[in-house]
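*Asks:*
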Amino acid sequence: MVEKTQYVKIPADILSDSDSIELDIILNSPETEMVLGRNARCVSVDTFSFAPHGRKEKKELFKGKGDLVKFRCTVYEKKLLKVKSKRSGLSLSEYIRRSLFDQEITERFSDEHIQLYKMLIKYHNNFKAIGNMYRKRNPKLVETVYNLADEIKTHLKKFQ
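Quick note: the sequence shown, position 47, residue 1381 per my numbering, numbers continuous.
#1: I'd like to know if the segment 1483 to 1490 and the segment 1457 to 1471 are in contact, where contact means that at least 3 CB-CB pairs between them fall below 8 Å.
#2: Looking only at its chain, what residues have a beta carbon closer than 8 Å to the beta carbon of Lys-1491, apart from the 5 residues adjacent to it on each side?
#3: Just the C-alpha distance for Leu-1404 and Glu-1477, rounded to the nearest angstrom, thanks.
#4: Any contact between the segment 1434 to 1447 and the segment 1461 to 1481? By contact I mean 3 or more CB pairs, one from each, below 8 Å.
#5: Tell me which residue opens and which closes the alpha helix (DSSP H) that Ser-1427 is part of.
#6: In terms of residues, what are the limits of the alpha helix (DSSP H) holding Arg-1421?
#7: Determine the extent of the alpha helix (DSSP H) in which Asp-1445 is found, giving its start and end residues.
#8: Can you have a look at Ser-1427 and say buried or exposed, based on whether 16 or more other CB atoms are within 10 angstroms of its CB?
#9: How many Å lie between Met-1453 and His-1447 at the Cα?
#10: Leaving out five residues on either side along the sequence, give the residues of the same chain with a beta carbon under 6 Å from the beta carbon of Ala-1483.
#11: Let me know the secondary structure DSSP gives Glu-1477 once reduced to three states.
#12: For Glu-1365, does the count of other Cβ atoms within 10 angstroms reach 16, so buried, or fall short, so exposed?
If you want it as structure tokens, here you go:
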């Protein structure tokens, strides 16, 4: 079976006036059927110019860290630096940079620290509740329970 290709020829002067043309063509043949109704649009390919002047140049706002600084230390000092940087969740170079410039370095909590923190919060809340329960009946007990809750709160602040 030989395939026939069908073409629609549109004069160039019509395309230069507008970017679309309404077609009303109905062609029927036993091998292929081509139907173009009133909603069909022929758009010339040359009308799309996505980047007429080429790509925009990238603005170089920030040049990354490119200079290398080396220093000597013992094996023990290097291991200690790696352990401290890992605890803080920073890379070794970022940890050294922050410690050099006296920036704040916070250690990330381990799972054990998080459990202890949650337990202290629970104890603080429970002692406050006990103090509220016995407020009218035994003021001396309430005072000692509140003091204990305040001590727990100071330990919680040290955690942060």
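Even for Gly, the Cβ is constructed at its ideal location relative to N, Cα and C. The model shown is predicted, which means the values in this text are computed figures rather than measured ones.
*Replies:* This is what the structure holds:
#1: yes
#2: Sequence index remark: in the sequence shown, residue 1491 carries index 157 (1-based). Nothing listed; no residue qualifies.
#3: As a first step, residue 1404 is located in the sequence shown; it is residue number 70 there, counting from the start. As a first step, residue 1477 is located in the sequence shown; it is residue number 143 there, counting from the start. What sits at residue 1404 in the sequence shown is Lys, not Leu. Going from the Cα of Lys-1404 to the Cα of Glu-1477 covers about 58 Å.
#4: no
#5: For this step, residue 1427 is matched to residue 93 along the sequence shown. Element bounds for Ser-1427: 1426 to 1434.
#6: Numbered from its first residue, the sequence shown carries residue 1421 at position 87. Segment 1409 to 1422, the alpha helix (DSSP H) holding Arg-1421.
#7: Translated into the one-based positions of the sequence shown, residue 1445 becomes position 111. It spans 1445 to 1467 - the alpha helix (DSSP H) in which Asp-1445 sits, taken as one unbroken run.
#8: Translated into the one-based positions of the sequence shown, residue 1427 becomes position 93. It is exposed - the Cβ of Ser-1427 has fewer than 16 other Cβ atoms within 10 Å.
#9: Residue mapping note: residue 1453 aligns to position 119 of the sequence shown, counting from 1. Residue mapping note: residue 1447 aligns to position 113 of the sequence shown, counting from 1. Rounded to whole angstroms, Met-1453 to His-1447 spans 10 Å at the Cα level.
#10: Locating residue 1483 in the sequence shown gives position 149, where the first residue counts as 1. Result list for Ala-1483: His-1458, Phe-1461 and Lys-1462, in chain order.
#11: Sequence index remark: in the sequence shown, residue 1477 carries index 143 (1-based). Glu-1477 falls in the helix class under three-state DSSP.
#12: Position 31 of the sequence shown, counted from the start, is the residue given in the question as residue 1365. Here Glu-1365 scores only 49 on pLDDT, less than 50, and its place in the model should not be relied on; the value that follows carries that caveat. Counting Cβ neighbours within 10 Å, Glu-1365 comes out exposed, since fewer than 16 surround it.
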